[in-house]
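*Asks:* Supplied in structure tokens, the structure appears directly below.
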Ligand SMILES: [Mg+2]
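Numbering (this note's numbering), first residue to last: -13 to 248.
What follows is the structure in structure tokens.
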């Protein structure tokens, strides 16, 4: 890896077709990174995953250098991402982009799909005329039907929600005394594109780093917007143009970018 950084691609990298990424340019690039297996090591129990203090400080310093243009893209919830990273990054695309927070720390509403609106209308009508005993919570990007006040209606609400979701090609997520109806679609690529449309990301070059299959959509989005992407881990079929071996290599690469920017 060191040889790559100092002398460019080695013979092995050329055979595999992927080499270590160029240095991040903190003045012009926007950094997007997955958390698990990219910034933080994977643990047997996902709730044990933690980014150490040095990692947290590195993310804060990168954000400061890049004018805040650092974002995490994760399948985890916002709350979980904050726990792992010690709230060292403001901009987060959580739940694969369904739950987004801007670099200024405010929620970004992801455009509600037509089908979520249509489903919300059906539920509102049925609740309005007394056919559905649920309470509707419209979250914009999703709708929730609560029935804590009427547990006996749970089964029929569940059946109706499932039927409406199927008709509108939405997905259903069941919770305690609540059924949520969400769009099936959002992915990390959508989240990256959403961030790139606004400050402080707009005008910068997106660079995406990740190890998961779910990172591929964000690799493709970064590439399409004129940036580049980095796969962390063993070589595989990927849209990423570059590779880094593991979380340690990611940290070394990010640290070098920071040092170069001093
Ligand atoms: Mg990962």
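Virtual Cβ for every residue (Gly too), placed ideally from N, Cα, C.
Can you name, in chain order, every residue of its own chain whose Cβ lies under 8 Å from the Cβ of residue 9, other than the five neighbours on each side?
*Replies:* 239, 242, 243 and 246
*Asks:* Once DSSP output is grouped into helix, strand and coil, what is the label at residue 182?
*Replies:* helix
*Asks:* Using a 10 Å radius around the Cβ and a threshold of 16 neighbouring Cβ atoms, would you call residue 111 buried or exposed?
*Replies:* exposed
*Asks:* Taking the Cβ atom as the reference point for each residue, do residue 204 and residue 196 lie within a distance shorter than 8 Å?
*Replies:* yes
*Asks:* Using the DSSP secondary-structure output, state which residues sit across from residue 160 in a beta bridge.
*Replies:* 165
*Asks:* Please state whether DSSP places residue 187 in a helix, a strand or coil.
*Replies:* coil
*Asks:* Under the assumption that residue 117 contacts residue 132 (Cβ atoms under 8 Å), give the Cβ distance between them as a whole number of angstroms.
*Replies:* Incorrect: roughly 16 Å between the Cβ atoms, too far for contact.
*Asks:* Which ranges does the beta strand (DSSP E) cover as unbroken runs of at least 3 residues, wholly within the region 38 to 83, from first to last along the chain?
*Replies:* 56 to 59 and 77 to 80
*Asks:* Excluding five sequence neighbours on each side, which residues of the same chain lie with their C-beta closer than 8 Å to the C-beta of residue 47?
*Replies:* 244
*Asks:* What number of angstroms, rounded off, separates the C-alpha of residue 57 from the C-alpha of residue 227?
*Replies:* When only Cα atoms are considered, residue 57 and residue 227 end up about 20 Å apart.
*Asks:* Are the region 68 to 82 and the region 139 to 146 touching by the rule of at least three beta carbon pairs closer than 8 Å?
*Replies:* Result no; under three Cβ-Cβ pairs closer than 8 Å.
*Asks:* Can you name the start and end residues of the alpha helix (DSSP H) that residue 9 belongs to?
*Replies:* Segment: none, residue 9 is in no alpha helix (DSSP H) and carries neither H nor E.
*Asks:* The beta strand (DSSP E) that contains residue 150, what's its start and end?
*Replies:* For residue 150, there is no enclosing beta strand (DSSP E); the residue is found in the alpha helix (DSSP H) stretching over 140 to 153.
*Asks:* Just to confirm, is the Cβ distance from residue 17 to residue 55 under 8 Å?
*Replies:* yes
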